[in-house]
Amino acid sequence: GAVVSQHPSWVICKSGTSVKIECRSLDFQATTMFWYRQFPKQSLMLMATSNEGSKATYEQGVEKDKFLINHASLTLSTLTVTSAHPEDSSFYICSAREQSQETQYFGPGTRLLVL
Amino acid sequence: EDQVTQSPEALRLQEGESSSLNCSYTVSGLRGLFWYRQDPGKGPEFLFTLYSAGEEKEKERLKATLTKKESFLHITAPKPEDSATYLCAVLGAGNNRKLIWGLGTSLGVNP
Numbered sequence: 627g628a629v630v631s632q633h634p635s636w637v638i639c640k641s642g643t644s645v646k647i648e649c650r651s652l653d654f655q656a657t658t659m660f661w662y663r664q665f666p667k668q669s670l671m672l673m674a675t676s677n678e679g680s681k682a683t684y685e686q687g688v689e690k691d692k693f694l695i696n697h698a699s700l701t702l703s704t705l706t707v708t709s710a711h712p713e714d715s716s717f718y719i720c721s722a723r724e725q726s727q728e729t730q731y732f733g734p735g736t737r738l739l740v741l
Numbered sequence: 018e019d020q021v022t023q024s025p026e027a028l029r030l031q032e033g034e035s036s037s038l039n040c041s042y043t044v045s046g047l048r049g050l051f052w053y054r055q056d057p058g059k060g061p062e063f064l065f066t067l068y069s070a071g072e073e074k075e076k077e078r079l080k081a082t083l084t085k086k087e088s089f090l091h092i093t094a095p096k097p098e099d100s101a102t103y104l105c106a107v108l109g110a111g112n113n114r115k116l117i118w119g120l121g122t123s124l125g126v127n128p
């Protein structure tokens, strides 16, 4: 149980294009989903928290107009990196949590490379 | 300020050589301490959640324990497939239910 999937697992795009990453909870309803970014040899950095049907809450320093998050259903959240630039290249990981539960379950991650 | 410190930063063991990883924490109102395993290029894999001092949980060769100041992840008779980075995170009463992460312990197990 508690499986979270992400798609795509890796993506290469040209600078200036937009990229959408999907995060799905496969066997539970995720009232809250989180988006993280991880740089090599570093721990996870929380970008934003989204509750189903509500606007996402972004961490300080994260541009909400650049990283668009949608959490329209209890099993799906999407992260769109708009007008991507090489500095946006990173490993993006989502996690999901059930209502009234504390444990987050993570997806396998998406490697983004912007050329 | 809520904080998590993991030690050692890296550890190399021989197959079968048991050891422990440490996660020291300071948090206001612990709501949970979490252990995850992360393999290179993958997302963290959930291992354990501990909620109160004295609690212990086991899974195969792993056992997690919790006190009011720290948690240990004990690895008994490790195998090469246990090689990974082990991450510890805490959830406090504040911080809007955000996890506070340690930097992890990179474990390598030689055959």
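Heads up: the sequence lines are chains L and C, in that order. Per our numbering, the very first residue in the first sequence carries number 627; after that it's consecutive. Per our numbering, the very first residue in the second sequence carries number 18; after that it's consecutive. Heads up, the beta-carbon is just placed ideally off N, CA and C, and yes, glycines get one too. The structure displayed is predicted, hence computed values, not measured ones.
8 Å Cβ cutoff met for residue i and residue j
i: K76 of chain C; j: L64 of chain C; result: yes
i: S669 of chain L; j: G125 of chain C; result: no
i: E34 of chain C; j: P128 of chain C; result: no
i: L672 of chain L; j: Y662 of chain L; result: yes
i: S644 of chain L; j: A698 of chain L; result: no
Alpha-carbon spacing of residue i relative to residue j, whole angstroms
i: E73 of chain C; j: F654 of chain L; result: 26 Å
i: T66 of chain C; j: F51 of chain C; result: 5 Å
i: L30 of chain C; j: A682 of chain L; result: 43 Å
i: T43 of chain C; j: L738 of chain L; result: 34 Å
i: C639 of chain L; j: G49 of chain C; result: 39 Å
Option nearest residue i by Cα separation, candidates the options
i: R54 of chain C; options: C:K115, C:C105, C:P95; result: C:C105
i: K704 of chain L; options: L:T675, L:G687, L:Y731; result: The sequence shown places Thr at residue 704 of chain L, rather than the Lys named in the question. Nearest C-alpha to T704 of chain L: L:T675.
i: A628 of chain L; options: L:L741, L:T736, L:T729, L:G735; result: L:T729
i: E32 of chain C; options: C:V44, C:R78, C:E87, C:T122; result: C:R78
i: Y68 of chain C; options: C:G58, C:T84, C:K59; result: C:T84
Contact with chain L by residue i, beta-carbon distance below 8 Å
i: G109 of chain C; result: no
i: L47 of chain C; result: no
i: W52 of chain C; result: no
i: L120 of chain C; result: yes
i: F63 of chain C; result: yes
i: L90 of chain C; result: no
i: K59 of chain C; result: yes
Interface flag, residue i vs chain C, CB-CB below 8 Å
i: P734 of chain L; result: yes
i: I638 of chain L; result: no
i: E724 of chain L; result: no
i: Y684 of chain L; result: no
* Does the segment 688-702 of chain L touch the segment 642-661 of chain L, meaning 3 or more C-beta pairs lie closer than 8 Å? -> yes
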